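Here the protein sequences come in this chain order: A and B. Quick note on the working numbering: the first sequence kicks off at 6 and runs consecutively. Quick note on the working numbering: the second sequence kicks off at 6 and runs consecutively.
There are 2 protein chains.
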Amino acid sequence: MTRFLLKISYDGTAYHGWQVQPNGITVQQIMCEKLSELTKERISVTGCSRTDAGVHANEFYCHFDTEHALPEIAYVKGLNAILPDDIAVIACRKVASDFHARYSAKSKEYIYKFYDGDVPNPFLKKYTLSVPVKLNIDLMAEFCEKMVGTYDFSVFSSSKRTVTDTVRTVQSCSVAREGDVVTLKIAADGFLYNMVRIVAGTALDVSNGKIKNADIIDIINSKQRERAGATLPPHALYLNKVIY
Amino acid sequence: MTRFLLKISYDGTAYHGWQVQPNGITVQQIMCEKLSELTKERISVTGCSRTDAGVHANEFYCHFDTEHALPEIAYVKGLNAILPDDIAVIACRKVASDFHARYSAKSKEYIYKFYDGDVPNPFLKKYTLSVPVKLNIDLMAEFCEKMVGTYDFSVFSSSKRTVTDTVRTVQSCSVAREGDVVTLKIAADGFLYNMVRIVAGTALDVSNGKIKNADIIDIINSKQRERAGATLPPHALYLNKVIY
Numbered sequence: 006m007t008r009f010l011l012k013i014s015y016d017g018t019a020y021h022g023w024q025v026q027p028n029g030i031t032v033q034q035i036m037c038e039k040l041s042e043l044t045k046e047r048i049s050v051t052g053c054s055r056t057d058a059g060v061h062a063n064e065f066y067c068h069f070d071t072e073h074a075l076p077e078i079a080y081v082k083g084l085n086a087i088l089p090d091d092i093a094v095i096a097c098r099k100v101a102s103d104f105h106a107r108y109s110a111k112s113k114e115y116i117y118k119f120y121d122g123d124v125p126n127p128f129l130k131k132y133t134l135s136v137p138v139k140l141n142i143d144l145m146a147e148f149c150e151k152m153v154g155t156y157d158f159s160v161f162s163s164s165k166r167t168v169t170d171t172v173r174t175v176q177s178c179s180v181a182r183e184g185d186v187v188t189l190k191i192a193a194d195g196f197l198y199n200m201v202r203i204v205a206g207t208a209l210d211v212s213n214g215k216i217k218n219a220d221i222i223d224i225i226n227s228k229q230r231e232r233a234g235a236t237l238p239p240h241a242l243y244l245n246k247v248i249y
Numbered sequence: 006m007t008r009f010l011l012k013i014s015y016d017g018t019a020y021h022g023w024q025v026q027p028n029g030i031t032v033q034q035i036m037c038e039k040l041s042e043l044t045k046e047r048i049s050v051t052g053c054s055r056t057d058a059g060v061h062a063n064e065f066y067c068h069f070d071t072e073h074a075l076p077e078i079a080y081v082k083g084l085n086a087i088l089p090d091d092i093a094v095i096a097c098r099k100v101a102s103d104f105h106a107r108y109s110a111k112s113k114e115y116i117y118k119f120y121d122g123d124v125p126n127p128f129l130k131k132y133t134l135s136v137p138v139k140l141n142i143d144l145m146a147e148f149c150e151k152m153v154g155t156y157d158f159s160v161f162s163s164s165k166r167t168v169t170d171t172v173r174t175v176q177s178c179s180v181a182r183e184g185d186v187v188t189l190k191i192a193a194d195g196f197l198y199n200m201v202r203i204v205a206g207t208a209l210d211v212s213n214g215k216i217k218n219a220d221i222i223d224i225i226n227s228k229q230r231e232r233a234g235a236t237l238p239p240h241a242l243y244l245n246k247v248i249y
């Protein structure tokens, strides 16, 4: 048995997230089908993260096991020849049999993209969250600095979460503007359910003055979900990097 | 009667081009419908160019006449509120009644985008032409220089063209790489049917060595369509700028 790790990228617009679901096509389902088609084996694929419906991935990793190992490049070329246009394999490498796409990950980085141009941009509409007023980057940067550290982040988490340990370490968090696109970037050893979408929603409230930066640590410590910002929509969220 | 000029932008993926057609939805049709809906008048819209099915526009201009002029900003805000996500109004201004979106244009600029990355990019697939080998920018730049000038460009034109005067002046033509995206940019006083897609196809043949730069002027003068490159697909073509 040989284990391979695939680095993929996908436009999540058409998918119900990564994880196989009873209703709706998922990226995991497509990857299993296409790997099985390529190898004539029944292959199952394990992902590094459960991305939600509509979320994109600039980088996403998944591993699979096979009895009949092919050269690494054969998986890249072979899969790209049969995958739909919105999923691509970037790289493939053989890994140890105890390597795990999810549990071996040391750090993940997500980005959330806002668009605050005066007029709509038809090319960015599906890939950014359009906001009606100019974002205040200085306030958002100050908010991002406060995110870094080890905290019980349950205030930034959906009530649907199933984990009990809600302490995570945010390793870096920053915001940058490029024209009318403002990108919030956050890296952590792990994320709670909906965490990045709620952190982004809170950053938006900080920008528009609804939440004060001086209150952020207090809001985190309060664990009162309603004191944080809204859960922003998934189409502007990207898994950006995974470090093993 | 007041004439207004709208500056719009659209993702052409879902449209059968600009011009109203018996089969398939066009951008012109949507603009007429939405302007009529906004103004409660029956409005018809005249475009600066007939873009083909699938072609995009970073900038496109169209004019319309109305008996009940609204403030310019009302058209921008009002239309953007009811237009689909893939069409946006960027600006609106009152123009003289003899101003014409098409005939008053002094120059138009198109861009054609190639993608030559080693692995597919799911976010660029619909918006660039994926080519299997690295493009040779130096050869393409030399080709672009040869395009500039006043020529009978019929060799770069579909046999479906209806015009008899096939002399045009290319004002500028250049190529630039940004990562794995190579953009060919061409401005002229006018373009023949399919001209940019055939110029781009010829640039591609120059890059891969099928056509020599030394033969380009000879090929133009020959007027033999088969000596130029293929008509490349529309999804990587953008009307980029119009100068009045």
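Glycine is no exception: its CB is placed at the ideal position from the N, C-alpha and C atoms. Since the structure is predicted, the reported quantities are computational estimates derived from the model, not experimental observations.
Compare the C-alpha of residue 78 (chain B) against each of B:87, B:90, B:62, B:97 and name the closest.
B:97
Near residue 229 (chain A), what residues of its chain come up, given a Cβ to Cβ distance below 6 angstroms and the 5 sequence neighbours on each side ignored?
none
Is the region 218-226 of chain B touching the region 151-168 of chain B in the sense that three or more CB pairs, one from each, lie closer than 8 angstroms?
yes
Express the C-alpha separation of residue 135 (chain B) and residue 163 (chain A) in angstroms, rounding to a whole number.
40 angstroms
With 8 angstroms as the threshold, decide whether the Cβ of residue 222 (chain A) is near any Cβ in chain B.
no
Using a threshold of 8 angstroms, state whether the C-beta atoms of residue 173 (chain B) and residue 195 (chain B) are closer than that.
yes
With burial defined as no fewer than 16 other Cβ atoms inside 10 Å of the residue's Cβ, what is the status of residue 115 (chain B): buried or exposed?
buried
Along the beta strand (DSSP E) that carries residue 188 (chain A), what are the first and last residues, could you check?
186-193
Residues in the region 112-139 of chain A with C-beta within 8 angstroms of chain B's C-beta atoms, listed in sequence order?
124, 125, 126, 127, 128, 130, 131, 132
Other residues of its chain near residue 46 (chain B): CB distance less than 7 angstroms, five sequence neighbours each side excluded
71, 72, 73
Closer than 8 angstroms, CB to CB, is residue 94 (chain B) near chain A or not?
yes
Does any C-beta atom of chain A lie closer than 8 angstroms to the C-beta of residue 66 (chain B)?
no
Do you know offhand how far residue 20 (chain A)'s Cα is from residue 113 (chain A)'s?
21 angstroms
What does the alpha-carbon distance come out to for the pair residue 124 (chain B) and residue 28 (chain B)?
36 angstroms
On the criterion of 16 or more Cβ atoms from any shown chain inside 10 Å, does residue 202 (chain A) qualify as buried, or is it exposed?
buried
So, at 8 angstroms on beta carbons, what are the nonlocal neighbours of residue 111 (chain A) in its own chain, with the 5 sequence-adjacent residues on each side left out?
194, 248, 249
Using a Cβ-Cβ cutoff of less than 7 angstroms, which residues in the same chain neighbour residue 50 (chain A) once the five nearest sequence positions on both sides are dropped?
33, 36, 37, 40, 67, 69
By alpha-carbon positions, which one of B:217, B:221, B:222, B:152 ends up nearest to residue 191 (chain B)?
B:152
Is it buried or exposed for residue 15 (chain A), if we count other Cβ within 10 angstroms and need 16 for buried?
buried
Which residue wins for smallest C-alpha separation from residue 119 (chain A), given the options A:244, A:240, A:246?
A:240
Counting along the chain, where does the beta strand (DSSP E) carrying residue 182 (chain A) start and finish?
172-183
Over what stretch of residues does the alpha helix (DSSP H) that includes residue 85 (chain B) continue unbroken?
77-87
Assuming residue 59 (chain A) and residue 18 (chain A) make a contact with CB atoms under 8 angstroms, what is their CB distance in whole Å?
7 angstroms
Taking CB distances under 8 angstroms as the criterion, tell me whether residue 54 (chain A) reaches chain B.
no
What are the complete alpha helix (DSSP H) segments, minimum 4 residues, inside the region 194-240 of chain B?
200-212, 221-227
Close-in-space but distant-in-sequence residues of the same chain around residue 93 (chain B) (CB under 8 angstroms, 5 per side omitted)
13, 14, 15, 85
Among B:238, B:104, B:149, B:150, which residue has its Cα nearest to the Cα of residue 9 (chain B)?
B:104
Can you name, in chain order, every residue of its own chain whose Cβ lies under 7 angstroms from the Cβ of residue 204 (chain B), other than the five neighbours on each side?
152, 161, 191
Indicate the three-state DSSP secondary structure (helix, strand or coil) for residue 32 (chain A) in the structure shown.
helix
To which residues of the same chain is residue 43 (chain A) closer than 7 angstroms at the C-beta, ignoring the five residues directly before and after it?
83, 84, 87
Alpha-carbon spacing of residue 237 (chain B) relative to residue 199 (chain B), whole angstroms
9 angstroms
Integer Cβ distance of residue 148 (chain B) from residue 211 (chain B), believed to fall under 8 angstroms:
4 angstroms
One question on the structure: do residue 121 (chain A) and residue 140 (chain A) come within less than 8 angstroms of each other, judged by their Cβ atoms?
yes
Are the beta-carbon atoms of residue 146 (chain B) and residue 186 (chain B) separated by less than 8 angstroms?
no
What does residue 210 (chain B) reach in chain A if we use C-beta pairs closer than 9 angstroms?
What residue 210 (chain B) touches in chain A: nothing, since even the nearest Cβ is about 24 angstroms away.
Taking the C-alpha atoms as reference points, what is the distance between residue 142 (chain B) and residue 55 (chain B)?
30 angstroms
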